[in-house]
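Have a look at the structure below, then the notes.
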Amino acid sequence: MNKPPENIEAINQAAFEHCIFPLAEMDAVRRDGPHIWVGGQGVELTDNNGRTFLDMMSSHTRANSLGYGNEEIPRAIYDQLVKLHYVGTVDNFVEPAVALAETIAGLAPGRLSNLMFVSGGSEAVETALKLAKQYQIDKGGKPRAYKVISRWNAYHGSTMGALSVTDWLGTRHVSEPGVPGTSLIPGPTRYRNPFGMEDEPYADFCAAYLEQQIIHEGPENVAAFIAEPIMQAHGVQIPPPNYFPKIREICDRHGVLLIIDEVITGFGRTGAWFASEHFGVEGDIMTMAKAMTAGYFPMGAAITRKEIIETIPMFRHVHTFSGHGGGVAAATTNIAICQRDGVIANARDNGRYFLDALQSALAGSPIVGDVRGLGMWLAIEFTADKATRQHFADDTVKAVVQRMKDMGVLSSAIGNAMEMAPPLITTRDQLDRAAEVTAEAVRDIARARGFT
Ligand code: PMP
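Numbering (this note's numbering), first residue to last: 31 to 482.
Following this line, the structure appears as structure tokens:
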């Protein structure tokens with residue numbers, strides 16, 4: 031298919047000379063060489079050594095929801111850029127941006143109606159945080175509300191505001207003290223939590239903890255609580271159904287805005303347009319990015335209710351490339367493709383099929399504690415001891431991911447779990463192959479670790 035360029039050694043060398051590798055373990059990159067991809071088609075990616083992989087991650091960032099080589103989206107981007115690429119922000123919109131805002135408002139839960147476009151997930155979160163703080167100030171009654179509550183292991187982005195409500199990937203500590211006023215509380219996790227509680231009572235405990243934290247911080251000081259509907263850390267942490275209704279009630283009781291961060295879950299990942307739908311929860315503000323354009327253009331947005339935006343005489347926040355025509359065309363076309371081709375239903379049904387396949391293939395494994403997922407977002411949680419649910423102290427998860435890669439399937443290690451986020455268009459045949467490779471890799475690594 032895609033042949034690697036002949037000067038690949040020179041490209042690798044130049045990468046070391048001139049590129050920064052964000053969040054990469056540099057010892058491993060120096061040992062194995064940089065990842066340089068030279069082509070993609072469907073759900074397959076080809077690297078600089080000429081090897082082709084089944085990409086069960088929709089790119090490392092889970093953004094490429096329609097896989098690779100789509101021609102409709104690039105054509106729509108081209109047409110829009112030639113017609114009118116960009117006019118700046120403030121009160122300027124390229125014409126299709128207005129129609130896109132209307133379309134997304136129609137897909138978003140409940141009363142979420144007014145949207146600001148930005149260039150990615152972190153900017154979407156910054157927008158949401160500032161919107162919440164300004165609303166509290168302009169509304170009156172909470173003029174000092176600068177505090178935001180987030181959760182252990184949350185990931186909300188890399189810019190200073192978003193980073194200050196982030197706890198995952200070790201990115202926070204190097205930038206501390208961050209933006210003042212953030213505190214972290216426990217969030218519901220599946221299979222394992224620090225208190226050894228069952229999942230549902232633990233979710234109740236986490237919700238009750240939010241109320242105590244609001245009281246402790248002073249409700250008059252708290253602008254917002256931010257949460258991913260399904261937390262990514264340690265693999266697809268689907269909250270039990272009792273969690274979000276309680277969170278919604280507590281936020282309302284204390285005049286705290288609920289920000290739902292759908293940057294990774296939005297636009298079909300979980301087999302619904304937005305994961306909020308699974309839990310019947312409506313945020314006061316909701317963020318989105320990544321699969322919004324199927325990864326074909328950098329774009330994000332924050333959407334809120336009319337009452338919130340109408341309380342604010344002037345939203346004191348701006349980004350230069352808000353509503354860029356390229357992103358607008360990409361998102362509009364991505365949504366049209368998803369609607370026309372039943373992409374979201376495919377993610378729901380084939381995701382369920384993949385989950386069943388993985389659960390049955392891994393049922394007898396001595397090192398697999400839990401296999402869970404929603405739509406095309408799945409995780410396998412490993413344990414060194416099924417009775418105590420103790421996690422592995424060594425790099426077992428990374429070894430499974432590496433073994434799968436050796437067999438031509440890309441997955442990702444995420445703490446105690448291995449994650450897969452296949453493109454939403456992945457077929458059952460491709461998922462069968464991914465399930466077989468997963469089972470074989472898990473078997474090999476279990477054997478290598480002395481399990482029989
Ligand atoms: N929020 C969530 C839930 C995310 O998963 C991410 C990215 N992984 C972000 C925010 C930040 O998005 P970006 O990397 O586009 O800035």
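The C-beta atom is built at its ideal place from N, Cα and C for all residues, glycine as well.
Beta-carbon within less than 8 Å of residue i's beta-carbon, same chain only, minus the 5 sequence neighbours each way: which residues are those?
i             : result
aspartate 282 : none
valine 373    : Ser95, Leu96, Gly298, Ile367, Leu454 and Ile455
threonine 91  : Lys320 and Gly325
arginine 473  : Ser395
glycine 217   : Arg181, Trp182, Asn183, Ala184, Cys236, Ala257, Met261, Gln267 and Pro269
asparagine 37 : none
leucine 461   : Asn380, Tyr383, Phe384, Ala387 and Pro452
alanine 391   : Ala465, Glu466, Thr468 and Ala469
What does the Cβ neighbour count give for residue i, buried or exposed, with the cut at 16 atoms within 10 Å?
i                 : result
methionine 31     : For methionine 31, the predicted model reports a pLDDT of 49, less than 50, meaning its position is unreliable and no value from the coordinates is stated.
isoleucine 50     : exposed
alanine 54        : exposed
histidine 264     : buried
glutamate 279     : exposed
leucine 114       : exposed
arginine 60       : exposed
lysine 172        : buried
aspartate 314     : buried
lysine 336        : exposed
arginine 105      : exposed
phenylalanine 225 : exposed
valine 266        : buried
glutamine 420     : exposed
threonine 426     : buried
phenylalanine 557 : Since the first and last residues shown for the chain are 31 and 482, residue 557 lies out of range.
aspartate 400     : buried
arginine 402      : buried
proline 271       : exposed
threonine 457     : exposed
proline 275       : exposed
threonine 219     : buried
methionine 190    : exposed
methionine 318    : buried
Figure out for me which residue from the options has the closest Cα to the Cα of residue i.
i                 : options                           : result
threonine 323     : Gly72, Asn94, Ser88 and Val59     : Asn94
arginine 433      : Ala237, Ala414 and Phe83          : Phe83
serine 149        : Gly118, Thr133, Arg174 and Gln164 : Gly118
threonine 363     : Glu101, Asp415 and Gln43          : Glu101
leucine 111       : Ile103, His284, Thr196 and Gly356 : Gly356
phenylalanine 412 : Tyr221, Asn446, Asp424 and Leu392 : Asn446
glutamine 71      : Arg174, Tyr98, Asp57 and Pro64    : Tyr98
valine 252        : Met318, Tyr165 and Ile260         : Tyr165
aspartate 62      : Asn42, Gly80 and Val68            : Asn42
glutamate 74      : Thr196, Val439, Ala393 and Arg220 : Val439
valine 120        : Phe345, Ile66, His65 and Met316   : Phe345
glutamate 153     : Ser205, Met329 and Ala162         : Met329
threonine 201     : Asp436, Ala471, Pro52 and Thr418  : Pro52
threonine 553     : Ile410, Asp168 and Ile365         : Shown here, the chain extends from 31 to 482; a query on residue 553 therefore has no answer.
glycine 296       : Leu287, Ala332 and Ile66          : Ala332
Considering only residues of the same chain and omitting the five flanking positions on each side of residue i, which have a CB-CB separation below 6 Å?
i              : result
glutamate 312  : Pro139 and Gly140
histidine 284  : Ile244 and Pro249
methionine 450 : Met86, Leu408 and Ser441
serine 194     : Gly208, Val209 and Thr212
alanine 377    : Gly298, Gly301, Gly405, Met406 and Leu454
asparagine 223 : Tyr232
alanine 127    : Gly353 and Val358
Keeping to the same chain, check which residues put their C-beta closer than 7 Å to that of residue i; ignore five residues upstream and five downstream.
i             : result
leucine 137   : Trp303
valine 262    : Rather than valine, the amino acid found at residue 262 in this sequence is glutamine. Once the five neighbours on either side are set aside, the close Cβ partners of glutamine 262 are Tyr185, Ile294 and Ile444.
histidine 347 : Thr157 and Lys160
leucine 240   : Ile179, Ile215, Phe255, Ile277 and Ile280
tyrosine 339  : It should be pointed out that residue 339 corresponds to isoleucine in this sequence rather than to tyrosine. Closer than 7 Å at Cβ, skipping near neighbours: Asn144.
alanine 476   : Ser395, Pro396 and Ile397
Round the Cβ separation of residue i and residue j to the nearest angstrom and send it over; I've been treating them as touching at under 8 Å.
i              : j                 : result
histidine 354  : tyrosine 116      : 5 Å
serine 352     : phenylalanine 147 : 5 Å
tyrosine 188   : threonine 212     : Here residue 188 turns out to be serine, not tyrosine, going by the sequence shown. Serine 188 to threonine 212, Cβ: 15 Å. No contact.
tyrosine 176   : cysteine 236      : Between cysteine 236 and tyrosine 176 the Cβ distance is about 24 Å, and since that is not below 8 Å, they are no contact.
aspartate 291  : alanine 257       : 7 Å
isoleucine 103 : alanine 360       : 5 Å
leucine 404    : isoleucine 268    : 6 Å
methionine 502 : leucine 142       : This structure leaves residue 502 out entirely; the chain is present only between 31 and 482.
proline 452    : alanine 464       : 7 Å
alanine 45     : proline 64        : 4 Å
Report yes if the C-beta of residue i is less than 7 Å from at least one heavy atom of the ligand ZN; otherwise report no.
i           : result
alanine 158 : Inclusion of the ligand ZN in the displayed structure is not the case, the ligand content consisting of the ligand PMP alone.
For this session: Please list the segments of the alpha helix (DSSP H) lying wholly inside the segment 327-414, counting only runs of 4 or more residues, in order along the chain.
Result: 336-341, 355-371 and 373-392
Exercise. For the segment 226-312, which segments carrying the alpha helix (DSSP H) assignment without a break, of at least 4 residues, lie completely within its bounds, in sequence order?
Worked result: 229-247, 273-283 and 306-309
Problem set entry | Length at least 3, wholly inside the segment 431-455: the beta strand (DSSP E) runs in chain order | 442-444 and 447-450
For this session: Run through the segment 60-89 for me and flag every whole alpha helix (DSSP H) of 4 or more residues, listed as ranges in chain order.
Result: none
Exercise. Can you list the alpha helix (DSSP H) stretches of 4 or more residues lying completely in the segment 95-139, in chain order?
Worked result: 102-114 and 125-137
Exercise. Enumerated in chain order, which unbroken segments of the beta strand (DSSP E) with a length of 3 residues or greater are wholly contained in the segment 165-222?
Worked result: 177-181 and 212-215
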